[in-house]
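To start, the structure under review is shown below, and the notes come after it.
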Amino acid sequence: MHTVYIIYSPSTDQYFIGQTKDLKISLWQHNAKTVAATAEGKPWELKFTRQFATRNEALSLEMKLKRRDRAAWEELISEAAQTV
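FYI, the numbering for the sequence shown is 4 to 87, going by the numbering used here.
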């Protein structure tokens with residue numbers, strides 16, 4: 004399974020969108036400052052996930068989300084939280 008995720012940094016008030024095969028490892032890397040793009044945002048909080056059977060499906064959603072704005076991400080996060 005491949006996972007698309009959105010994480011949020013309260014310290015920098017920024018979101019980061021990514022995709023991974025192992026979400027646990029990716030979150031650890033973001034919070035361990037091993038990812039240059041997110042090194043300054045520690046601690047990162049997981050806000051959204053969606054799983055896919057293939058990496059191509061996950062990459063497709065990741066790219067769509069990266070083309071959208073913050074309001075769209077926050078709406079997606081809010082909608083996902085309501086369905087849980």
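The beta-carbon is built from N, C-alpha and C at its ideal position, and this holds for glycine as well. On a predicted model such as this, the values are computed, not experimentally measured, just so you know.
Beta-carbon proximity list for residue i, same chain, < 6 Å, skipping 5 on both sides
i: Thr23; result: Thr6, Ser29
Identity of the residue in the options nearest residue i by Cα
i: Ile80; options: Ala56, Tyr18, Asn34, Thr41; result: Tyr18
i: Ala42; options: Ala61, Ser14, Gln85, Leu26; result: Ser14
Per-residue DSSP class, three states only, for residue i
i: Ser29; result: helix
i: Lys89; result: No answer is possible for residue 89: it lies beyond the span of the chain, which begins at 4 and ends at 87.
Own chain residues within Cβ distance below 7 Å of residue i, not counting five before or after
i: Arg73; result: Tyr18
i: Ile20; result: Ile9, Glu65, Leu68, Lys69
i: Glu82; result: none
i: Val38; result: Gln32
Residue i vs residue j beta-carbon contact at 8 Å
i: Tyr8; j: Thr52; result: yes
i: Lys36; j: Lys50; result: no
i: Trp47; j: Asn34; result: yes
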